[in-house]
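Protein chains: 2
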Amino acid sequence: MSMNRRRFLHQTGTTTALAMVTAGLRPLAWSDLESARANAKRLQASLEKLSEFGRPSGGTFADGVSRVAYSDADLAGRQYLMGLMKVAGLAPRIDAAGNILGRREGSDASLPPIVFGSHIDSVPNGGNFDGDLGSLAAIEAIHVLQEQGLRTRHALELVVWANEEGVAYGRLLCGSRAAAGRLVEGELDESWEGVTKRDAIRKIGGAPERIEGARRGPFHGYLELHIEQGGTLAKDAVPIGIVEGIVATDRYEVVIRGVANHAGTTTMADRQDAFLAASHLAIAVNQLVRAEAGRQVGTIGRLNVTPNVPNVIPGLVRHSLELRDLSSAKIARLGEAIKTKARAIAESTRTEIEITQTSHDDSALATEAVQTAIEGATRRLQLASRRMPSAAVHDAQIMSRLGPMGMIFVPSVGGISHSPKELTSWEDCANGANVLLQSIVALDSADLG
Amino acid sequence: MSMNRRRFLHQTGTTTALAMVTAGLRPLAWSDLESARANAKRLQASLEKLSEFGRPSGGTFADGVSRVAYSDADLAGRQYLMGLMKVAGLAPRIDAAGNILGRREGSDASLPPIVFGSHIDSVPNGGNFDGDLGSLAAIEAIHVLQEQGLRTRHALELVVWANEEGVAYGRLLCGSRAAAGRLVEGELDESWEGVTKRDAIRKIGGAPERIEGARRGPFHGYLELHIEQGGTLAKDAVPIGIVEGIVATDRYEVVIRGVANHAGTTTMADRQDAFLAASHLAIAVNQLVRAEAGRQVGTIGRLNVTPNVPNVIPGLVRHSLELRDLSSAKIARLGEAIKTKARAIAESTRTEIEITQTSHDDSALATEAVQTAIEGATRRLQLASRRMPSAAVHDAQIMSRLGPMGMIFVPSVGGISHSPKELTSWEDCANGANVLLQSIVALDSADLG
Numbered sequence: 090m091s092m093n094r095r096r097f098l099h100q101t102g103t104t105t106a107l108a109m110v111t112a113g114l115r116p117l118a119w120s121d122l123e124s125a126r127a128n129a130k131r132l133q134a135s136l137e138k139l140s141e142f143g144r145p146s147g148g149t150f151a152d153g154v155s156r157v158a159y160s161d162a163d164l165a166g167r168q169y170l171m172g173l174m175k176v177a178g179l180a181p182r183i184d185a186a187g188n189i190l191g192r193r194e195g196s197d198a199s200l201p202p203i204v205f206g207s208h209i210d211s212v213p214n215g216g217n218f219d220g221d222l223g224s225l226a227a228i229e230a231i232h233v234l235q236e237q238g239l240r241t242r243h244a245l246e247l248v249v250w251a252n253e254e255g256v257a258y259g260r261l262l263c264g265s266r267a268a269a270g271r272l273v274e275g276e277l278d279e280s281w282e283g284v285t286k287r288d289a290i291r292k293i294g295g296a297p298e299r300i301e302g303a304r305r306g307p308f309h310g311y312l313e314l315h316i317e318q319g320g321t322l323a324k325d326a327v328p329i330g331i332v333e334g335i336v337a338t339d340r341y342e343v344v345i346r347g348v349a350n351h352a353g354t355t356t357m358a359d360r361q362d363a364f365l366a367a368s369h370l371a372i373a374v375n376q377l378v379r380a381e382a383g384r385q386v387g388t389i390g391r392l393n394v395t396p397n398v399p400n401v402i403p404g405l406v407r408h409s410l411e412l413r414d415l416s417s418a419k420i421a422r423l424g425e426a427i428k429t430k431a432r433a434i435a436e437s438t439r440t441e442i443e444i445t446q447t448s449h450d451d452s453a454l455a456t457e458a459v460q461t462a463i464e465g466a467t468r469r470l471q472l473a474s475r476r477m478p479s480a481a482v483h484d485a486q487i488m489s490r491l492g493p494m495g496m497i498f499v500p501s502v503g504g505i506s507h508s509p510k511e512l513t514s515w516e517d518c519a520n521g522a523n524v525l526l527q528s529i530v531a532l533d534s535a536d537l538g
Numbered sequence: 090m091s092m093n094r095r096r097f098l099h100q101t102g103t104t105t106a107l108a109m110v111t112a113g114l115r116p117l118a119w120s121d122l123e124s125a126r127a128n129a130k131r132l133q134a135s136l137e138k139l140s141e142f143g144r145p146s147g148g149t150f151a152d153g154v155s156r157v158a159y160s161d162a163d164l165a166g167r168q169y170l171m172g173l174m175k176v177a178g179l180a181p182r183i184d185a186a187g188n189i190l191g192r193r194e195g196s197d198a199s200l201p202p203i204v205f206g207s208h209i210d211s212v213p214n215g216g217n218f219d220g221d222l223g224s225l226a227a228i229e230a231i232h233v234l235q236e237q238g239l240r241t242r243h244a245l246e247l248v249v250w251a252n253e254e255g256v257a258y259g260r261l262l263c264g265s266r267a268a269a270g271r272l273v274e275g276e277l278d279e280s281w282e283g284v285t286k287r288d289a290i291r292k293i294g295g296a297p298e299r300i301e302g303a304r305r306g307p308f309h310g311y312l313e314l315h316i317e318q319g320g321t322l323a324k325d326a327v328p329i330g331i332v333e334g335i336v337a338t339d340r341y342e343v344v345i346r347g348v349a350n351h352a353g354t355t356t357m358a359d360r361q362d363a364f365l366a367a368s369h370l371a372i373a374v375n376q377l378v379r380a381e382a383g384r385q386v387g388t389i390g391r392l393n394v395t396p397n398v399p400n401v402i403p404g405l406v407r408h409s410l411e412l413r414d415l416s417s418a419k420i421a422r423l424g425e426a427i428k429t430k431a432r433a434i435a436e437s438t439r440t441e442i443e444i445t446q447t448s449h450d451d452s453a454l455a456t457e458a459v460q461t462a463i464e465g466a467t468r469r470l471q472l473a474s475r476r477m478p479s480a481a482v483h484d485a486q487i488m489s490r491l492g493p494m495g496m497i498f499v500p501s502v503g504g505i506s507h508s509p510k511e512l513t514s515w516e517d518c519a520n521g522a523n524v525l526l527q528s529i530v531a532l533d534s535a536d537l538g
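Order-wise, the sequence lines are chains Y and V.
Note that the working numbering has the first sequence beginning at 90, numbered continuously upward.
Note that the working numbering has the second sequence beginning at 90, numbered continuously upward.
In structure tokens:
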């Protein structure tokens, strides 16, 4: 939507201020909300405290966290968060999928809520910022408004999504998918470490027997603060990233068939070496992906050689291939270019190369008006920002299917994530929390049509 | 040695013929020995029968054999062979290392024996010709001489080496190494499937407590007939290969260190992809090895990627590298060229590449005079032949440390070995047996100085 369709709070300030008086809160003034700031020390303390749930025994904050969804550590962390929510004036509840929700009513009950939050489950041996920052900054935003007696027009709904990482049961974004009615057929009956997902959800207070109850009603906008998990903001010292969307991902399985043969007796000319073909293909993927401008990436991350012994020429190679970009069309085109090149490599190496697409995840574009609202918030806070894609998966991409979505990124030192070395400076954490809070304020007065 | 140093039997024929008469054998005539031929049908029947020991249950000859050394199938196969040896007039005995020996005295007791044979143990799911052909053709040679009442000047010593393949206990050429006093410190105490090698040797009739007794005395020459296990003879329809030597092998372990990172959030420019570096190195190895004329080969057969998941850029690759050629100097030079290229690849991919040599097996050159004797035999038999290296390992390389050595190769269809599909035509088997027999005859009259 265009800027001229935005409707600011001060245009309707008079009637809203009257409503506030009746609720015993300070009269609502645009400038009060605009000047609200997160309590950086309180945010840091809560991140430090949360890191204790799932910390390696005898470790420190720097040793990271293993808080896999549905584990006892996850359960304890969730209890801690619900305690913080109560202090911030919320009455936490758990939905059928195990997501933690907390609602703060707005001044106009006819308006749909603004939803924001993140997750607190982690990968094994993960870091203290992935998900945690967005969840605790969301609580901090509510806490500040509550302390200062400020009320928004829209109700605010905080959410801590269950099992974002998908380490347990191998499927990502479980809580948000349940909220969007996008669970996979039979998913609740899947088993992990001897427990069904049904029982795991029950363990954290969910109600799998009425999982449909987790489906979300309409919302005004969805916001999520998250660490970048890449190194670009940190490298260029840009404190805030405004996410343009979560990239599309095409996944392929590549099978290369040569002839396994004796590494001594088979002359170089007679070889049909599947690994030599794979090497040529890996270099071609790299070259083709880098040949055009843009942020597209291509990765061969998993590769297995058969029979994989030093004195036998590899007869078979299987490997993954992943292509990501905001543009589904661009990665589809790249996939075709790679297949064409693979045919030439197969011919020159006398191997067979079979490239099969195994999945396509569409991109999830952030709503332009939400990006504009976040941008306004960064200007108000005098923080430099940059628009950028998210190459990592987030619950926000599921929410984008249901309504307007935006994400805020803060720098990851060295781009390291899913590691105890994951790090975002306390200053950047506070900046992110302030941008989240002020983006809520900006959205509250925006018509997202 | 030069041809003019060869001393032929007919030069000393008279006295030898007299000796033969006293032993009740036909008077020895050069032409009688020269016209001796293997019984092709009997050889085929014995190969077919031997294939039953270790054959998959319900299978046929085409299903190959699993006759791992020291197994019950190996034991049964050895019993069968010793039966054949008795029919051929030998009194089989088992030495301290478990090698089967059979001696046929010559006419001149002052001369050292001619030794020949091979092995009958196999890899799991192996073929019916690797080792078997050389062992049974050796028995066939003796059998023919015995049938025709022909006696050589030198004693003949047939040997069936124990555990050539080294599948059990992971060390190759066990029997021949024992015969050369080249067992590894503590080797007899090594365990495999819960049994020490000491007990395994005892199972097949050896005497590990006096393993030194397996050491061989001097011999006139060592001959081994074997399938090529490569495809060059079959491809060019050359029936006989005369081995120039068993190649030298340099083995390296390559470790490539990049940075494991998120496959979505890390831009192409920021990557330090260990597998991309490995791909460049694999192509460089192939190009450098092929850049100069010769039969040298270079192989990357084993490669492992860490963490080996589709959405993480490979942070670590470990792989093998093997270089083989008759010339140790050539593969050493190639190894240096590869290291130099690796430094450039490490720099351009921003990775670390560490190449460590883990072993050097020296080449084992066949004795020129033995090659000449084999060549003479092929001419007599009107069989085309070609001199060639052996890129596979054989007991002959151990024997070459103790005395004159030569090997005879016959074609492997498609170059396939260590597989049930291993195949040599019955005609080629018979040709090989005849060349072995006639090479024995030729050696018998040759001065190998």
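Glycine included, every Cβ here is placed at the ideal spot set by N, Cα and C.
Keep in mind it's a predicted model, so treat the numbers as computed, not measured.
Check, Outcome
"What are the residues in the segment 312 to 324 of chain Y lying within 9 Å of chain V by C-beta distance?", "E317, Q318, G319, G320, T321 and K324"
"Is the distance from the Cβ of V/V212 to the Cβ of V/H507 below 9 Å?", "yes"
"Under 7 Å, CB to CB, which of the residues in the segment 459 to 485 of chain V have a partner in chain Y?", "A480 and A481"
"Which residues in the same chain have their Cβ closer than 6 Å to the Cβ of V/V482, if we skip the five residues on either side of it in sequence?", "L261"
"What does a CB cutoff of less than 8 Å around Y/R291 pick up in its chain, not counting 5 residues either side in sequence?", "P297"
"Please confirm whether Y/G504 has its beta-carbon closer than 9 Å to some beta-carbon of chain V.", "yes"
"Starting from V/F364, find everything on chain Y with Cβ-Cβ shorter than 7 Å and list it in chain order.", "A371, I389 and L392"
"Hey, how far is the Cα of Y/T447 from the Cα of Y/R242?", "45 Å"
"So what's Y/I497 in DSSP terms, helix, strand or just coil?", "strand"
"Let me see if you follow: with CB-CB separation under 9 Å, is Y/P403 close to chain V or not?", "yes"
"Is V/F364 helix, strand or coil when you go by DSSP?", "helix"
"Within its chain, find whatever has a CB closer than 7 Å to the CB of Y/V374; leave out the 5 residues flanking it on each side and keep chain order.", "G387, I389, L410 and I427"
"Below 8 Å on the Cβ atoms is my guess for V/G353 versus V/N400; work out the distance and round it to an integer in Å.", "7 Å"
"Classify Y/Q471 as buried or exposed, calling it buried when 16 or more other Cβ atoms lie within 10 Å of its own Cβ.", "exposed"
"What does the alpha-carbon distance come out to for the pair V/Q385 and V/A418?", "11 Å"
"Are there three or more Cβ pairs, one per stretch, closer than 8 Å when the segment 298 to 305 of chain Y is compared with the segment 320 to 339 of chain Y?", "no"
"Here's the rule: buried if 16 or more other CB atoms are within 10 angstroms of the residue's CB, otherwise exposed. What is Y/A180?", "exposed"
"Give the single residue among V/H351, V/L405 and V/M357 whose Cα lies nearest to the Cα of V/A363.", "V/L405"
"Would you kindly check if the distance between the Cβ of V/L525 and the Cβ of V/L314 is under 9 Å?", "yes"
"Should V/S489 be flagged as near chain Y, meaning a C-beta pair shorter than 9 Å?", "no"
"Taking the alpha-carbon of Y/L245 as reference, which of Y/L225, Y/L200, Y/N252 and Y/A257 has the nearest alpha-carbon?", "Y/L200"
"Could you give the distance in angstroms between the alpha-carbon of Y/L136 and the alpha-carbon of Y/D152?", "14 Å"
"Flag this pair as yes or no: are the beta carbons of Y/L491 and Y/K430 separated by less than 9 Å?", "no"
"Give the residues of chain Y in contact with V/N397, contact being defined as C-beta atoms less than 8 Å apart.", "G390, R391, L392 and N393"
"In the DSSP output, what is Y/M477 paired with across the bridge?", "Y/V332"
"What is the DSSP secondary structure of V/D484, counted as helix, strand or coil?", "helix"
"Below 9 Å between beta carbons: does that hold for V/I203 and V/I463?", "no"
"With 16 as the cutoff for other CB atoms within 10 Å, does V/A112 come out buried or exposed?", "Legend: pLDDT at V/A112 = 48, less than 50; position of this residue unreliable, value from coordinates given subsequently. V/A112 comes out exposed."
"Using 8 Å for Cβ pairs, my map puts Y/D210 next to Y/E276. What's the rounded Cβ distance?", "That belief does not hold up - the Cβ atoms of Y/D210 and Y/E276 are roughly 17 Å apart, past 8 Å."
"Quick one: using the 10 Å Cβ neighbour count with 16 as the cut-off for buried, is Y/W515 buried or exposed?", "exposed"
"Rounding to the nearest angstrom, what Cα-Cα distance links V/T105 and V/S534 in this structure?", "The predicted model places V/T105 with a pLDDT of 43, which falls under 50 and marks its position as unreliable, so this point remains unresolved."
"Between V/G465, V/A466, V/E436 and V/A421, which has its C-alpha nearest V/T445's C-alpha?", "V/A421"
"So, for Y/D163: in the same chain, excluding its five sequence neighbours on each side, which residues have a beta-carbon less than 6 Å away from its beta-carbon?", "R156 and D210"
"Where does V/Q527 sit, in a helix, a strand or coil, going by DSSP?", "helix"
"What are the boundary residues of the alpha helix (DSSP H) that V/Y341 is part of?", "Segment A337 to R346 is the beta strand (DSSP E) holding V/Y341; no alpha helix (DSSP H) there."
"Closest to Y/T221 by C-alpha separation, out of Y/E141, Y/R413 and Y/S265, would be which residue?", "Rather than Thr, the amino acid found at residue 221 of chain Y in this sequence is Asp. For the residues Y/E141, Y/R413 and Y/S265, the minimum Cα distance to Y/D221 belongs to Y/E141."
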